[in-house]
Amino acid sequence: MSMFGKRLAIALLAWFALLGLAACGGGTESQEEAARNNVDAMSREHANDTATPSPAADIALERAVVTERLPYAEVNEELVYGHFVFPADMVEPLPAVIVIHEWWGLNEGVEAMADRIAAEGYIVLAVDLFGGKSAATPAEARELMMRVVENPEPANENLRQAYDFVKNTAGAPRIGSLGWCFGGSWSLNTALLFPDELDAAVIYYGQVTNDEERLRPLNVPLLGIFAADDSGIRVESVREFEAALERLRKDYDIRIFDGVGHAFANPTGNNYDAESAHEAWGLVVEFLRSNLGAGGT
Numbered sequence: 016m017s018m019f020g021k022r023l024a025i026a027l028l029a030w031f032a033l034l035g036l037a038a039c040g041g042g043t044e045s046q047e048e049a050a051r052n053n054v055d056a057m058s059r060e061h062a063n064d065t066a067t068p069s070p071a072a073d074i075a076l077e078r079a080v081v082t083e084r085l086p087y088a089e090v091n092e093e094l095v096y097g098h099f100v101f102p103a104d105m106v107e108p109l110p111a112v113i114v115i116h117e118w119w120g121l122n123e124g125v126e127a128m129a130d131r132i133a134a135e136g137y138i139v140l141a142v143d144l145f146g147g148k149s150a151a152t153p154a155e156a157r158e159l160m161m162r163v164v165e166n167p168e169p170a171n172e173n174l175r176q177a178y179d180f181v182k183n184t185a186g187a188p189r190i191g192s193l194g195w196c197f198g199g200s201w202s203l204n205t206a207l208l209f210p211d212e213l214d215a216a217v218i219y220y221g222q223v224t225n226d227e228e229r230l231r232p233l234n235v236p237l238l239g240i241f242a243a244d245d246s247g248i249r250v251e252s253v254r255e256f257e258a259a260l261e262r263l264r265k266d267y268d269i270r271i272f273d274g275v276g277h278a279f280a281n282p283t284g285n286n287y288d289a290e291s292a293h294e295a296w297g298l299v300v301e302f303l304r305s306n307l308g309a310g311g312t
């Protein structure tokens, strides 16, 4: 491990003793109703999927990384543990990416993707919005996702403290968010929580909105990756989201992949499409480097 990596590890130990609570925020009734409908849609999309990692997820990393399971937040008087990872050769603070899991939770598949992002040259914190639980079946995933939908304030606070952690403890000069499915929705929510502070947000087939009042304060560059054959996140809603961003003159790039369905980038799902997933990943890497800065080689 590099000297900076050792210093960061010491700083992380100090962080464990400094966790505190902060105020929470909420959403409107219409937003909550839309989120409940999204849970139903995800249940249909993932009805025959599995959370078990597949061999397709085994991708060689660009460089060695250091991983830690550590507490980054305290919500409702409970420590929240995440998957923290950074390049082993890091010699100075790097830009950070807050990674938000799919509806299965913070499982091995998400951790592998966090490692892959870190290997591109970033500090990565994969957060846990499910209170330490992950799902093995669609029914379990639905229950965990519904808990967040019905009470989103702890998730908001979770992400506020995640941002504070990578900024003030890890020292990241720039910060982005990235999530898939459930996490895609929360990547957008993270941008709305930090409309001027966040430097980039990636939304993989997550629930979006065309509510211009919610989107108006947003000054975060967005990359949206969606599927033409997604029956949960319909193209019509994506186009409405895109039109609202255009009217508000926001910085965005919306890509809709033809011939694929929801979760096409998840190698554990039945909709996995290797070619489209590879193309989307290239867009993500380019977007992060453009907005967060090159992680180095």
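In this note's numbering, the protein residues as written are 16 to 312. Each residue gets a CB set at the ideal place from its N, CA and C atoms; glycine is no exception.
CA nearest to the CA of residue i, picked from the options
| i | options | result |
| --- | --- | --- |
| Tyr137 | Trp119, Glu117, Lys182, Ala292 | Lys182 |
| Val275 | Arg262, Tyr267, Ala242 | Ala242 |
| Leu121 | Arg304, Asn63, Leu208, Gly194 | Gly194 |
| Leu76 | Leu109, Glu212, Tyr87, Ala103 | Ala103 |
| Arg84 | Ala289, Val54, Val142 | Val142 |
| Gln176 | Ala216, Glu92, Ala88 | Ala88 |
| Arg264 | Pro232, Arg162, Phe279 | Pro232 |
| Gly297 | Pro108, Leu238, Gly124, Arg254 | Leu238 |
| Asn173 | Ile240, Phe209, Thr152, Val90 | Val90 |
| Lys148 | Ile269, Ala66, Asn286 | Ala66 |
| Thr152 | His61, His277, Asn171, Ile271 | His61 |
| Leu144 | Pro188, Ala187, Met105, Pro86 | Pro86 |
| Pro110 | Pro188, Leu260, Phe279, Val125 | Pro188 |
| Ile271 | Thr82, Ile218, Ala259 | Ile218 |
| Val164 | Val54, Ala150, Asp244, Ala259 | Val54 |
| Arg59 | Ala150, Ala154, Ile74, Val80 | Ala154 |
| Ala50 | Asn166, Ile74, Ala150, Asp245 | Asn166 |
Sheet register partners of residue i (DSSP bridge)
| i | result |
| --- | --- |
| Val90 | Glu93 |
| Arg84 | His98 |
| Val139 | Val100, Val112 |
| Ala129 | Looking at the DSSP assignment, Ala129 forms no beta bridge with any residue, so it has no partner. |
| Ala216 | Ser192, Leu237 |
For residue j and residue i, the rounded distance between their alpha carbons
| i | j | result |
| --- | --- | --- |
| Arg78 | Phe197 | 29 Å |
| Pro169 | Val299 | 28 Å |
| Ser291 | Tyr178 | 30 Å |
| Ala289 | Ala133 | 21 Å |
| Glu135 | Ala206 | 22 Å |
| Glu257 | Phe101 | 33 Å |
| Gly284 | Asn52 | 21 Å |
| Ala295 | Tyr96 | 29 Å |
| Asp211 | Asn306 | 14 Å |
| Asn281 | Ser200 | 16 Å |
| Glu301 | Asp266 | 15 Å |
| Tyr220 | Leu203 | 11 Å |
| Gly191 | Met57 | 25 Å |
| Glu107 | Leu213 | 20 Å |
| Gly308 | Leu140 | 17 Å |
| Val223 | Glu93 | 30 Å |
| His116 | Arg262 | 30 Å |
| Ile113 | Phe209 | 12 Å |
| Met105 | Glu48 | 44 Å |
| Ala38 | Arg162 | Only weak support exists for where Ala38 lies, its pLDDT of 33 falling under 50; the value from the coordinates is given anyway. Taking the straight line joining both Cα atoms gives about 19 Å. |
| Trp118 | His277 | 12 Å |
| Asp268 | His293 | 17 Å |
| Phe99 | Thr184 | 12 Å |
| Asn286 | Phe279 | 5 Å |
| Trp234 | Ala216 | Going by the sequence as given, residue 234 is Asn instead of Trp. Approximately 11 Å, taken between the alpha carbons. |
| Pro236 | Ala259 | 14 Å |
| Arg304 | Arg254 | 26 Å |
| Phe180 | Val125 | 19 Å |
| Asn171 | Gly186 | 21 Å |
| Arg63 | Thr82 | Contrary to the premise, residue 63 reads as Asn rather than Arg in this sequence. If I take the Cα positions, the gap works out to 31 Å. |
| Ile240 | Val80 | 26 Å |
| Asp273 | Asp245 | 10 Å |
| Glu123 | Ala150 | 11 Å |
| Ile74 | Gly146 | 28 Å |
Closer than 6 Å: residue i CB and nearest the ligand GTP heavy atom
| i | result |
| --- | --- |
| Asp104 | The ligand GTP is absent from the structure shown, which contains no ligands of any kind. |
### Message
List, from N- to C-terminal side, the alpha helix (DSSP H) runs of 4 residues or more that fit wholly inside the segment 218-297.
### Response
227-230, 250-262
#### Entry: Secondary structure, beta strand (DSSP E): runs of 3+ residues fully inside the segment 93-124
93-102, 111-115
### Message
Under 8 Å: do the segment 242-251 and the segment 225-233 share three or more Cβ pairs, one atom per stretch?
### Response
no
### Query
Would you call the segment 153-170 and the segment 124-138 in contact, with 3 or more CB pairs under 8 Å?
no
### beta strand (DSSP E) runs contained entirely in the segment 190-214, provided each spans 3 or more residues
190-195
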